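Report on one structure; see the data block that follows.
Number of protein chains: 2
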Amino acid sequence: MKVYSISELTEGVRAGDKRLLGKAITLVESTAPTHRPQAEELLQALMHYTGKSVRIGITGVPGAGKSTFIESFGKLALQHGKRVAVLAIDPSSTRNKGSILGDKTRMEELSREPNAFIRPSPSSGILGGVANATFESMLICEAAGYDFILIETVGVGQSEVLVSDMVDVFLFLKIIGGGDELQGIKRGVMEMVDLIFINKVNDENRRQAKNTKVELLRALHFMPSKEEKWKVPVVLGSALENEGLDELYLKMQEFIALKKASRSFHHTRRRQAEKRFDYWVQQYILQKTQSENSGDIYNELKQNAADFQENPSSAAKKFIDKFFD
Amino acid sequence: MKVYSISELTEGVRAGDKRLLGKAITLVESTAPTHRPQAEELLQALMHYTGKSVRIGITGVPGAGKSTFIESFGKLALQHGKRVAVLAIDPSSTRNKGSILGDKTRMEELSREPNAFIRPSPSSGILGGVANATFESMLICEAAGYDFILIETVGVGQSEVLVSDMVDVFLFLKIIGGGDELQGIKRGVMEMVDLIFINKVNDENRRQAKNTKVELLRALHFMPSKEEKWKVPVVLGSALENEGLDELYLKMQEFIALKKASRSFHHTRRRQAEKRFDYWVQQYILQKTQSENSGDIYNELKQNAADFQENPSSAAKKFIDKFFD
Numbered sequence: 603m604k605v606y607s608i609s610e611l612t613e614g615v616r617a618g619d620k621r622l623l624g625k626a627i628t629l630v631e632s633t634a635p636t637h638r639p640q641a642e643e644l645l646q647a648l649m650h651y652t653g654k655s656v657r658i659g660i661t662g663v664p665g666a667g668k669s670t671f672i673e674s675f676g677k678l679a680l681q682h683g684k685r686v687a688v689l690a691i692d693p694s695s696t697r698n699k700g701s702i703l704g705d706k707t708r709m710e711e712l713s714r715e716p717n718a719f720i721r722p723s724p725s726s727g728i729l730g731g732v733a734n735a736t737f738e739s740m741l742i743c744e745a746a747g748y749d750f751i752l753i754e755t756v757g758v759g760q761s762e763v764l765v766s767d768m769v770d771v772f773l774f775l776k777i778i779g780g781g782d783e784l785q786g787i788k789r790g791v792m793e794m795v796d797l798i799f800i801n802k803v804n805d806e807n808r809r810q811a812k813n814t815k816v817e818l819l820r821a822l823h824f825m826p827s828k829e830e831k832w833k834v835p836v837v838l839g840s841a842l843e844n845e846g847l848d849e850l851y852l853k854m855q856e857f858i859a860l861k862k863a864s865r866s867f868h869h870t871r872r873r874q875a876e877k878r879f880d881y882w883v884q885q886y887i888l889q890k891t892q893s894e895n896s897g898d899i900y901n902e903l904k905q906n907a908a909d910f911q912e913n914p915s916s917a918a919k920k921f922i923d924k925f926f927d
Numbered sequence: 603m604k605v606y607s608i609s610e611l612t613e614g615v616r617a618g619d620k621r622l623l624g625k626a627i628t629l630v631e632s633t634a635p636t637h638r639p640q641a642e643e644l645l646q647a648l649m650h651y652t653g654k655s656v657r658i659g660i661t662g663v664p665g666a667g668k669s670t671f672i673e674s675f676g677k678l679a680l681q682h683g684k685r686v687a688v689l690a691i692d693p694s695s696t697r698n699k700g701s702i703l704g705d706k707t708r709m710e711e712l713s714r715e716p717n718a719f720i721r722p723s724p725s726s727g728i729l730g731g732v733a734n735a736t737f738e739s740m741l742i743c744e745a746a747g748y749d750f751i752l753i754e755t756v757g758v759g760q761s762e763v764l765v766s767d768m769v770d771v772f773l774f775l776k777i778i779g780g781g782d783e784l785q786g787i788k789r790g791v792m793e794m795v796d797l798i799f800i801n802k803v804n805d806e807n808r809r810q811a812k813n814t815k816v817e818l819l820r821a822l823h824f825m826p827s828k829e830e831k832w833k834v835p836v837v838l839g840s841a842l843e844n845e846g847l848d849e850l851y852l853k854m855q856e857f858i859a860l861k862k863a864s865r866s867f868h869h870t871r872r873r874q875a876e877k878r879f880d881y882w883v884q885q886y887i888l889q890k891t892q893s894e895n896s897g898d899i900y901n902e903l904k905q906n907a908a909d910f911q912e913n914p915s916s917a918a919k920k921f922i923d924k925f926f927d
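Now the structure itself:
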């Protein structure tokens, strides 16, 4: 297998070579400490070209139709002359690879478009302490000139918070059914959201969908607003039938324009970069604690925790005191 | 406000004084660095009395009826002579306190029982890098003599992984509706699960619930089994109507007995203590990086990230190199 130099990768990404873009993302996704210096070099080399896309986070419970939505919405963006990158969560498990429903076929049409790039990333590890590189993959897609970066989150057991901390627009896909409509969205998610799309609306459930919209708008009314002067819109439609997407697209453009005008677009990105800095400080220190010098004390105290001789946090405190001694 | 000494708290917890138990949990939940030495002292003092409960994690999408389930299941456990502690997620948002539905009334009946203890803990921060003390709160409840510790997770935007890493039994509450039944559970969650309860089954949806059960069992069949010789059972019922809970209770006892017999009960707890050790190593180091000595360099490099002069991970790497210099 050919190993690419950083300048080859940089040039390939800048030239929009999808294969090299893929390789570049693989490099920044690597959790091997030996790959990190190259990953940092690549990211620094591309830094100047980042920041120009609209970063869009998409969430919703499993079954809300996120893949279909991304496919249809992505194609709509292509029609508007935009280049679209998708960082899709590969719903592979933390214990085993693969997914129940054979997600290889997801977003097939979109993936064949020359101006679209789809990157499935493993969902495993996002919460497990292993470095997750969605933010850095996004930067690389930006450097490759994509106008829209769509980032999918897994609705269950994964982190909306993590994704909402790296995007400009956070979109919630809602479906009808599953009990009390309002209870279906916890306030934490409601407050992250900039746009709501009620998906899978058809003639049978349209009345219910409209009621849900009223309920959602009422609930949103009592929320502190994330963006001043912005009332989170609730759009009804069906991604499969291409209904409601034009309206949603316009609303999104409106939102971005407002956010840019109020400078909160810029401020939010600054805060996000700070959070990401903290994230990486944490990741890098974690690597250090397991290096040759401190590895023995680390293992000894971890063993004490495993033997229930000390509670884990107290053993950790002892390690820290010795580590910094 | 009276400040309690560690020995007062230790004795109070051991004596089953609910008020002091609450104070003890508040202490370990505190994110103030100045509280940590006392928190560690308390945890070490109680260490010897921990480990004897059955630790039960409960997940499910919002609307699956987790609160009602915990109330009914908790009361059933009381009838079996067990003492029950509940660490409930207080669905307060990360941006504002409170919940849409006024969750103060949740689990009201259970909370009035002398042998039950309910502790709502803020859900905010679990993923935001702020220390979360659910594991330590659980240890304190164990030291107070509770036989069952029920830990609720928020189904959306929160971490099933985090909770499944601290319990003996992981229970998934499923409801009917919301599209393709199988797609409603991503494989990551399926593989964490030890027991499934299809909740809110009634005469209208019983046939559909039975079909879902068949589908779930088929899907589970293709999963690598988490516990050898254990086939994850799918129990139908209604927590509100007290249906199916006896069956579920028995299945849970069966599972625990099997897990103890195979020694995986013990092994899993050891691995969990190790993970928790790592978690606290990370938390403590994070504190250090923001201390007086390194605070300036930290702020300077964070500023570079915020100014988009360096990408966040590269700035973080520079900080780490200086921090450990």
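Chains A and B, in that order, are what the protein sequence lines are.
For the first sequence, our numbering assigns the number 603 to the initial residue and increments by one for each residue that follows.
For the second sequence, our numbering assigns the number 603 to the initial residue and increments by one for each residue that follows.
Where a beta carbon is used, it is the ideal one built from N, C-alpha and C, also for glycine.
Fair warning: this is a prediction, and the values are worked out from it, not measured in the lab.
Which runs of the alpha helix (DSSP H), 4 residues or longer, sit entirely within the stretch 794 to 863 of chain B? 808 to 823, 847 to 863
Is any beta-carbon of chain A found at less than 9 Å from that of residue 782 (chain B)? Low confidence applies here, because residue 782 (chain B) scores a pLDDT of 47, under 50, leaving its location unreliable; read the following figure in that light. Taking Cβ atoms only, chain A reaches closer than 9 Å to residue 782 (chain B), which makes this a yes.
DSSP three-state assignment for residue 750 (chain A), whether helix, strand or coil: strand
Tell me, please, whether the CB atom of residue 730 (chain B) is closer than 9 Å to any CB atom in chain A? Only weak support exists for where residue 730 (chain B) lies, its pLDDT of 35 falling under 50; the value from the coordinates is given anyway. Yes, residue 730 (chain B) lies at the interface with chain A (some Cβ there is under 9 Å from its Cβ).
Sort out for me which residues DSSP pairs residue 775 (chain A) with in a bridge. A:799
C-beta neighbour in chain A for residue 819 (chain B), strict 9 Å: no
Cβ shell of residue 648 (chain A) (< 7 Å), same chain only, five flanking positions each side left out: 612, 615, 741, 742, 745
Rounded separation between residue 689 (chain B) and residue 877 (chain B) - CA only: 20 Å
Step through the CB atoms of chain B and report whether any lies within less than 9 Å of the CB of residue 902 (chain A). no
Who are the Cβ neighbours of residue 935 (chain A) in its own chain at under 7 Å, not counting the five residues just before and after it? Residue coverage of chain A in this structure runs from 603 to 927, which leaves residue 935 (chain A) outside it and unanswerable.
Mapping DSSP to helix, strand and coil, what is residue 910 (chain B)? coil
Do the stretch 811 to 826 of chain B and the stretch 761 to 780 of chain B touch if we need at least three Cβ pairs shorter than 8 Å? yes
Residue-chain proximity (residue 709 (chain A), chain B), Cβ-Cβ < 9 Å: no
Do residue 828 (chain B) and residue 793 (chain B) have their beta-carbon atoms positioned less than 9 Å apart in this structure? yes
Can you grab the Cα-Cα spacing for the pair residue 668 (chain B) / residue 651 (chain B), in whole Å? 29 Å
Quick one: grab the DSSP three-state call for residue 974 (chain B). Residue numbering for chain B in the displayed model covers 603 to 927; residue 974 (chain B) lies beyond these limits and cannot be assessed.
Contact test: residue 834 (chain B) Cβ vs the ligand FAD heavy atom, cutoff 8 Å: The ligand content of the structure shown is nil, which means the ligand FAD is not present either.
What residues in the stretch 835 to 854 of chain A bring their beta carbon closer than 8 Å to a beta carbon of chain B? none
Which one of B:766, B:645, B:734, B:629 has the shortest CA to CA distance from residue 659 (chain B)? B:766
If I measure Cβ to Cβ from residue 621 (chain B) and keep anything under 8 Å in the same chain, skipping five residues before and after, which residues do I get? 614
Where does residue 664 (chain A) land, buried or exposed, given buried means 16+ other C-beta within 10 angstroms? buried
Give the secondary structure of residue 867 (chain B) by DSSP, where H, G and I count as helix, E and B as strand, and everything else as coil. helix
Does DSSP put residue 675 (chain B) in a helix, a strand or coil? helix
Are the CB atoms of residue 673 (chain B) and residue 711 (chain B) nearer to each other than 9 Å? yes
Could you tell me whether the stretch 819 to 826 of chain B touches the stretch 849 to 869 of chain B, using the rule of 3 or more Cβ pairs below 8 Å? no
Enclosing beta strand (DSSP E) for residue 657 (chain B) [first to last residue]: 656 to 661
Which residue's Cα is closest to the Cα of residue 895 (chain A): B:799, B:882, B:896, B:926? B:926
If distances are taken between C-alpha atoms only, which option among B:679, B:605, B:739, B:771 comes closest to residue 717 (chain B)? B:679
Of the listed residues A:638, A:629, A:676, nearest to residue 916 (chain B) (C-alpha basis): A:638
Name, please, each residue of chain B whose Cβ falls closer than 9 Å to the Cβ of residue 930 (chain A). The first residue shown for chain A is 603 and the last is 927, placing residue 930 (chain A) beyond what the model contains.
Do you know whose CA, among A:906, A:898, A:880, A:919, lies nearest residue 905 (chain B)'s CA? A:880
Mapping the DSSP letters down to three states, classify residue 915 (chain A) as helix, strand or coil. helix
Compare the C-beta of residue 646 (chain B) against all C-beta atoms of chain A and say whether one is closer than 9 Å. yes
Could you compute how far the alpha carbon of residue 861 (chain A) sits from the alpha carbon of residue 750 (chain A)? 16 Å
What first and last residue would you give for the alpha helix (DSSP H) that runs through residue 626 (chain A)? 620 to 631
Exposure of residue 885 (chain A), with buried meaning 16 or more beta-carbon neighbours within 10 Å: buried
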